[in-house]
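Peer 1: Here you go, one structure.
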Amino acid sequence: MTYEIEIGRGKRGRRAYSLDDIAIVANRRTRDPQDVSISWQIDAYHFGMPVIAAPMDSVMSPSAAITLGRLGGLGVLDLEGLWTRYEDPELVLAEIRGLAGEPSSPTVTRHLQEIYAAPVQPELITARLAQIRESGVTVAGALTPSGTVQHYKTVLAAGVDLFVIRGTTVSAEHVSKNQEPLNLKKFIYELDVPVIVGGAAGYTPALHLMRTGAAGVLVGFGGGATTTTRRALGIHSPLASAISDVAAARRDYMDESGGRYVHVIADGGMGTSGDIVKAIAMGADAVMLGSALARAEEAPGHGWHWGAEAHHSETPRGERVNVGTVGPMEEVLFGPGHHADGTSNLLGMLRRAMATSGYSDLKEFQRVDVVVSPYQR
Numbered sequence: 001m002t003y004e005i006e007i008g009r010g011k012r013g014r015r016a017y018s019l020d021d022i023a024i025v026a027n028r029r030t031r032d033p034q035d036v037s038i039s040w041q042i043d044a045y046h047f048g049m050p051v052i053a054a055p056m057d058s059v060m061s062p063s064a065a066i067t068l069g070r071l072g073g074l075g076v077l078d079l080e081g082l083w084t085r086y087e088d089p090e091l092v093l094a095e096i097r098g099l100a101g102e103p104s105s106p107t108v109t110r111h112l113q114e115i116y117a118a119p120v121q122p123e124l125i126t127a128r129l130a131q132i133r134e135s136g137v138t139v140a141g142a143l144t145p146s147g148t149v150q151h152y153k154t155v156l157a158a159g160v161d162l163f164v165i166r167g168t169t170v171s172a173e174h175v176s177k178n179q180e181p182l183n184l185k186k187f188i189y190e191l192d193v194p195v196i197v198g199g200a201a202g203y204t205p206a207l208h209l210m211r212t213g214a215a216g217v218l219v220g221f222g223g224g225a226t227t228t229t230r231r232a233l234g235i236h237s238p239l240a241s242a243i244s245d246v247a248a249a250r251r252d253y254m255d256e257s258g259g260r261y262v263h264v265i266a267d268g269g270m271g272t273s274g275d276i277v278k279a280i281a282m283g284a285d286a287v288m289l290g291s292a293l294a295r296a297e298e299a300p301g302h303g304w305h306w307g308a309e310a311h312h313s314e315t316p317r318g319e320r321v322n323v324g325t326v327g328p329m330e331e332v333l334f335g336p337g338h339h340a341d342g343t344s345n346l347l348g349m350l351r352r353a354m355a356t357s358g359y360s361d362l363k364e365f366q367r368v369d370v371v372v373s374p375y376q377r
């Protein structure tokens with residue numbers, strides 16, 4: 001049952017919860033962490049961990065995607081980012097890292113807008129994806145809905161195993177009087193590769209995205225550590241409630257479709273291992289990580305982190321922030337951990353949480369009990 005709170009005489013609102021508002025309850029027989037499976041499969045692709053790297057220039061380069069793939073995760077390259085705009089993006093990355101100013105400084109924002117004004121070059125899309133494919137790992141690239149209309153043929157010709165369509169909010173039926181919108185259902189139906197699409201932050205929009213034939217739905221608005229969407233647009237959806245709502249849509253869609261399972265992927269706002277644990281407990285099959293992986297030595301941002309929202313040409317709603325560097329990607333994911341704040345050995349912590357709670361695999365762990373207990377940092 002959903003309860004609404006009266007905000008004023010003319011408006012009522014639903015109480016929603018962030019990941020910080022909930023906690024796991026361990027009330028089953030404990031297990032050995034080594035007996036716990038954290039593997040995950042979407043379509044025909046099997047991964048040793050439920051981790052997808054966010055398509056952000058501060059997180060993923062072709063080489064970082066290869067490293068993550070070899071460790072058992074999925075690296076997604078932003079196909080509208082620096083790697084497809086510049087032949088040698090390392091010089092530009094160094095320039096961004098060296099910008100002086102506060103995170104929300106207009107000078108920094110203006111400089112980012114100028115850098116990202118360079119056009120996307122189709123031949124660089126082909127070259128970057130080829131570099132990843134040659135390594136033998138699963139190849140994934142991301143475009144915005146508008147970028148998909150422009151570049152999807154190049155991406156498909158270059159060859160991807162998984163195609164990601166990612167925006168702040170993506171609806172199954174975008175309405176526009178100015179241009180022909182992307183028809184997601186027709187587009188996905190005609191593709192030969194699985195598509196992950198989002199974000200969605202509620203039951204109804206997620207259900208509509210599932211009906212398009214998507215293999216996975218991104219939950220949330222992404223860019224948790226770098227976005228100012230709530231301040232700039234007034235839009236926000238606490239992630240714990242959003243994941244639970246979309247997981248309910250997944251359940252109902254399975255009944256509606258005769259058993260078709262669509263993966264729920266939490267996206268954004270998960271900077272620590274505890275956040276990952278709670279996202280899966282709320283019903284996520286996997287997590288898309290930004291800041292957590294931006295702390296790896298292999299990350300192109302070298303401790304600096306920003307998203308596409310930070311350089312939007314008309315409505316910038318993101319910041320460049322310094323999240324620091326924890327260690328090599330393998331240490332960030334598998335340890336040994338030397339940080340007690342949940343920023344290293346992310347998957348070791350996930351295993352331990354599952355084992356302590358008495359669950360042996362990710363799907364089982366989605367049934368774990370939780371309590372509402374706001375965490376005071």
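Per the UniProt record's numbering, the very first residue in the sequence shown carries number 1; after that it's consecutive. Don't be surprised by glycine CBs; every beta carbon is placed ideally from N, CA and C. Being a predicted model, the structure only gives us computed values, none of them experimental.
#1: Classify D361: buried if its beta carbon has 16 or more other beta carbons within 10 angstroms, exposed otherwise.
#2: CA-CA distance, I22 and A127?
#3: State buried or exposed for G98, treating a residue as buried only when at least 16 other CB atoms are found within 10 Å of its CB.
#4: Bridge partners of K11, per DSSP?
#5: Count the other CB atoms, across all protein chains shown, that sit within 10 Å of the CB of H46; report buried if there are 16 or more and exposed otherwise.
#6: Just to confirm my understanding: we take D32, look at its own chain, exclude 5 residues before and 5 after, and list those with CB closer than 7 Å. What are they?
#7: In the DSSP assignment, find the alpha helix (DSSP H) that holds E166 and state where it starts and stops.
#8: Who does H236 pair with in a DSSP beta bridge?
#9: Got a sec, what are the start and stop residues for the beta strand (DSSP E) A53 sits in?
#10: My output table needs one value for L82: the three-state DSSP class, helix, strand or coil.
#11: With a threshold of 6 Å on Cβ separation, who are the neighbours of P328 within its own chain once the five nearest residues in sequence on each side are excluded?
#12: Quick check on V175: does DSSP put it in helix, strand or coil?
#13: Per DSSP, A65 forms a beta bridge with which residues?
#14: Can you tell me whether Y261 is helix, strand or coil according to DSSP?
#15: Which class does F47 belong to by DSSP, given the choice of helix, strand or coil?
#16: Hey, would you say T212 sits closer than 8 Å to L184, going by beta carbons?
#17: Counting C-beta neighbours from all protein chains within 10 Å, is the total for G199 16 or more, i.e. buried, or is it exposed?
#18: Looking at the strands, I want to know which residues DSSP matches up with Q41.
#19: Within a Cβ cutoff of 8 Å, which residues of the same chain sit near A247, ignoring the five residues on either side of it in sequence?
#20: Quick one: grab the DSSP three-state call for M349.
#21: Nearest to I280 by alpha carbon, out of I24, Y3, G234 and R9?
#22: Any idea what DSSP makes of M60, helix, strand or coil?
#23: From the DSSP output, in three-state form, read off H302 for me.
#24: Could you give the residue range of the alpha helix (DSSP H) that holds V217?
#25: For T204 versus E309, is the C-beta spacing smaller than 8 Å?
#26: So does the region 78 to 87 actually touch the region 114 to 131, counting three or more Cβ pairs closer than 8 Å?
#27: Using alpha carbons as the reference points, say which of A242, A142 and R110 lies closest to R15.
#28: Taking all protein chains shown into account, do 16 or more other C-beta atoms lie within 10 angstroms of the C-beta of E319, making it buried, or fewer, making it exposed?
#29: Do D43 and M60 count as a contact pair if the criterion is CB distance below 8 Å?
#30: How long is the line joining the alpha carbons of I235 and A214, rounded to whole angstroms?
#31: Using 8 Å as the threshold, is the C-beta distance between G324 and S273 below it?
#32: Are the beta-carbon atoms of G220 and G268 separated by less than 8 Å?
#33: Can you tell me whether DSSP reads H312 as helix, strand or coil?
#34: Give the DSSP-derived three-state secondary structure of T227 in the structure shown.
#35: Can you list the beta strand (DSSP E) stretches of 3 or more residues lying completely in the region 122 to 162, in chain order?
Peer 2: So, to answer that:
#1: As a first step, residue 361 is located in the sequence shown; it is residue number 361 there, counting from the start. Exposed, since its Cβ has fewer than 16 Cβ neighbours within 10 Å.
#2: The residue labelled residue 22 in the question sits at position 22 within the sequence shown. The residue labelled residue 127 in the question sits at position 127 within the sequence shown. Rounded to whole angstroms, I22 to A127 spans 44 Å at the Cα level.
#3: On the sequence shown, residue 98 is found 98 positions in, with the first residue counted as 1. Burial check for G98: the Cβ neighbour count within 10 Å stays below 16, so the residue is exposed.
#4: On the sequence shown, residue 11 is found 11 positions in, with the first residue counted as 1. Its beta-bridge partners are G8.
#5: Along the sequence shown, read from residue 1 onward, the residue named residue 46 stands at position 46. Around the C-beta of H46, fewer than 16 other C-beta atoms lie within 10 Å, and the residue is accordingly described as exposed.
#6: Working through the sequence shown from its first residue, we reach residue 32 at position 32. Closer than 7 Å at the Cβ level, and outside the excluded window around D32, lie A355.
#7: As a first step, residue 166 is located in the sequence shown; it is residue number 166 there, counting from the start. Here residue 166 is Arg; the residue named in the question, Glu, does not match the sequence. Element bounds for R166: not the alpha helix (DSSP H) but the beta strand (DSSP E), L162 to R166.
#8: The residue you call residue 236 lines up with position 236 of the sequence shown. For H236, which the question treats as bridged, DSSP gives no partner whatsoever.
#9: Taking the first residue of the sequence shown as position 1, residue 53 is located at position 53. Counting along the chain, the beta strand (DSSP E) containing A53 begins and ends at V51 to A53.
#10: Locating residue 82 in the sequence shown gives position 82, counting from the first residue. Of the three classes helix, strand and coil, the one that applies to L82 here is helix, per DSSP.
#11: Numbered from 1 along the sequence shown, position 328 holds the residue referred to as residue 328. Leaving aside the five residues that flank P328 on each side, the residues in its chain whose CB is nearer than 6 Å to its CB run, in chain order, E297.
#12: By 1-based counting over the sequence shown, the position of residue 175 is 175. Note that V175 scores a pLDDT of 49, beneath 50, so its modelled location is shaky; the value from the coordinates is reported in the next line. V175 falls in the coil class under three-state DSSP.
#13: Looking up residue 65 in the sequence shown gives position 65. A65 is not bridged to any residue.
#14: Counted from its first residue, the sequence shown places residue 261 at position 261. In the structure shown, Y261 sits in coil (DSSP, three-state: anything other than H, G, I, E or B).
#15: Stepping through the sequence shown from its first residue, residue 47 is reached at position 47. Shown here, F47 sits in a strand according to DSSP, grouped into three states.
#16: Position 212 of the sequence shown holds residue 212. Position 184 of the sequence shown holds residue 184. Contact flag set, yes.
#17: The count along the sequence shown starts at 1 and reaches residue 199 at position 199. That one is buried.
#18: The residue labelled residue 41 in the question sits at position 41 within the sequence shown. DSSP lists H46 as partners of Q41.
#19: Locating residue 247 in the sequence shown gives position 247, where the first residue counts as 1. For A247, same chain residues with a beta-carbon under 8 Å away, outside a window of 5 residues either side, are V264, M282, G283, A284 and Q366 in chain order.
#20: Mapped onto the sequence shown, residue 349 falls at position 349. Three-state DSSP puts M349 in a helix.
#21: In the sequence shown, the residue the question calls residue 280 occupies position 280. The option with the nearest alpha carbon to I280 is I24.
#22: On the sequence shown, position 60 is the one that residue 60 refers to. Coil.
#23: Taking the sequence shown and counting its residues from 1, the one referred to as residue 302 is at position 302. It is coil, neither helix nor strand.
#24: Along the sequence shown, read from residue 1 onward, the residue named residue 217 stands at position 217. Where V217 is concerned, there is no enclosing alpha helix (DSSP H), although the beta strand (DSSP E) it sits in stretches over G216 to V219.
#25: If you number the sequence shown from 1, residue 204 lands on position 204. If you number the sequence shown from 1, residue 309 lands on position 309. Taking 8 Å as the Cβ cut-off, T204 and E309 do not qualify as a contacting pair.
#26: yes
#27: Along the sequence shown, read from residue 1 onward, the residue named residue 15 stands at position 15. Closest by alpha carbon: A242.
#28: Along the sequence shown, one-based indexing puts residue 319 at 319. E319 comes out buried.
#29: Looking up residue 60 in the sequence shown gives position 60. Looking up residue 43 in the sequence shown gives position 43. Taking 8 Å as the Cβ cut-off, M60 and D43 do not qualify as a contacting pair.
#30: Numbered from 1 along the sequence shown, position 235 holds the residue referred to as residue 235. Numbered from 1 along the sequence shown, position 214 holds the residue referred to as residue 214. If I take the Cα positions, the gap works out to 25 Å.
#31: Position 324 of the sequence shown holds residue 324. Position 273 of the sequence shown holds residue 273. No, they are not a contact pair.
#32: Indexing the sequence shown from 1 puts residue 220 at position 220. Indexing the sequence shown from 1 puts residue 268 at position 268. One thing to note: G220 has its Cβ within 8 Å of the Cβ of G268.
#33: Residue 312 sits at position 312 when you count from the first residue of the sequence shown. H312: coil per DSSP, three-state reduction.
#34: Reading the sequence shown from its first residue, position 227 is the one you call residue 227. Strand at T227.
#35: Those beta strand (DSSP E) runs which fall completely within the region 122 to 162 and span 3+ residues are 140 to 143.
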